[in-house]
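Working notes, beginning with the structure itself.
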Amino acid sequence: MRELKLVLIGLLLTSCAVTSQTVNAPAGRIAIVADGNSPDPDDLGGTAISLALLRATGLESRLVHYSHSCDLVRVNRISEKAEKERHALMQSACDVTARRWGGFDEITFLDAKWQLDETIKDLAKAINLSTEKDPLWIIEAGEPDIIGFALEASKKNKHKYVKVLTHHPANDNAGDFYKWQQILDFGVEEVRIPDQNINLKAKLADWDWAKNHKDERLQQVWIQGKIAENDDVVKFQKGSWDCSDAGMVLYWVTGANQNNGLKMGTVTDVKNILLEYVKRK
């Protein structure tokens, strides 16, 4: 019996060590610029998971900017009415997730297209507060235009303390006002990881653990991804639960390029972090 207890204690300590090593965020603050009002609705699930990950890892206070609907020029693939609906869905994904999980009282979730000036000023302010010891990591979860406008409006001597994290060329060069090279020409650091759709655009059944969990916070997160899957504008999300852009947040909370973060995070990685948190809280 004594040996069994020692084994169990050893397993528990190992489990705790693995969990603690998972969270190893680099120095600095984080800003997220998402779309969601474009034809692809994946930012609904991506937003919910990004916020939940920040809260679950105790890093929510380092989020200094969150804007959505950064696709500034509507394309014909989505109607005016459908895009308006998406703005509302994205605002709900932000506000409801933040309230349910808690810890985001200092953040105003901004609609980049409908609150353009306020959004640019808010991100530029975060850029201007950057230093060598407190850099700003900007997550490019949509078109780069807002990032470009904010860099243009901010102090040039602060740009060297800005790191722009991206995972997909489809975002990089989709801007109507700035292309990716123009963003880099501001003097920011490019941080690029592989396409997160590979692991984080998964089958619906891979998320049953959240759908069927007794904790309503996990159920609410699942609903956001399900809304995207049920979208009637595009067909390529059918049967999938997609939080691919949240892979950049997972990479950041686990270390980014300074502390060997998870470049190819999986649904299991997200699951372990969130389940560990809800078990404690």
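Here the sequence shown stands for residues -20 to -1, 1 to 261, where the numbers follow mature numbering (1 follows the signal peptide of the UniProt record, and there is no 0). All C-beta atoms, glycine included, are put in the ideal place defined by N, C-alpha and C. Here the structure is a predicted model, which means the values were calculated and not measured.
Check, Outcome
"Under the assumption that residue 277 contacts W117 (Cβ atoms under 8 Å), give the Cβ distance between them as a whole number of angstroms.", "Residue 277 lies beyond the range of the chain shown here (-20 to 261); nothing can be said about it."
"According to DSSP, simplified to helix, strand and coil, what is E65?", "helix"
"With DSSP as the reference, please indicate the residues paired to V142 in a beta bridge.", "L116"
"With 16 as the cutoff for other CB atoms within 10 Å, does G38 come out buried or exposed?", "exposed"
"Beta-carbon within less than 7 Å of L242's beta-carbon, same chain only, minus the 5 sequence neighbours each way: which residues are those?", "L230, Y231, T234 and D249"
"Mark S224 as exposed unless 16 or more other C-beta atoms lie within 10 angstroms of its C-beta, in which case mark it buried.", "buried"
"Opposite E169 in the DSSP bridges: which residues?", "K143"
"Given a cut-off of 9 Å on the beta-carbon distance, is the pair P21 and I163 in contact?", "no"
"On the DSSP bridge assignment, give the partners of R57 in chain order.", "Answer is none; R57 lacks a bridge partner."
"Tell me whether the segment 98 to 117 and the segment 148 to 156 touch, counting them as touching only if at least three CB pairs, one residue from each stretch, are closer than 8 Å.", "no"
"Please state whether DSSP places Y158 in a helix, a strand or coil.", "coil"
"For P19, which residues in the same chain have their Cβ closer than 6 Å to its Cβ, ignoring the five residues on either side in sequence?", "R57, I58, V213 and V214"
"Only counting the same chain, and skipping five residues up and downstream in sequence, which positions put a Cβ closer than 7 Å to that of T2?", "T234 and I253"
"Classify K93 as buried or exposed, calling it buried when 16 or more other Cβ atoms lie within 10 Å of its own Cβ.", "buried"
"If A130 sits next to A104, beta carbons under 8 Å apart, how far is it from one beta carbon to the other, in whole angstroms?", "4 Å"
"With H, G and I counted as helix, E and B as strand and the rest as coil, what does DSSP make of A130?", "helix"
"Give, in chain order, every unbroken run of the alpha helix (DSSP H) that is at least 4 residues long and sits entirely within the segment 169 to 249.", "177 to 180, 188 to 191, 196 to 209 and 226 to 233"
"What's the C-alpha gap between Q95 and G82?", "24 Å"
"For S72, name the three-state secondary structure that DSSP assigns.", "helix"
"If you draw a straight line from the alpha carbon of A226 to that of L24, how long is it in whole angstroms?", "10 Å"
"Would you mind sorting S41 into buried or exposed? The rule is 16 or more other CB atoms within 10 Å of its CB.", "exposed"
"Hey, A133 and I100: beta-carbon distance below 9 Å or not?", "yes"
"Going by DSSP, name the residue or residues bridged to H45.", "A11"
"Can you list, in chain order, the residues of its chain whose CB lies under 7 Å from that of H67, leaving out five sequence neighbours each side?", "N17, S49, D91 and W94"
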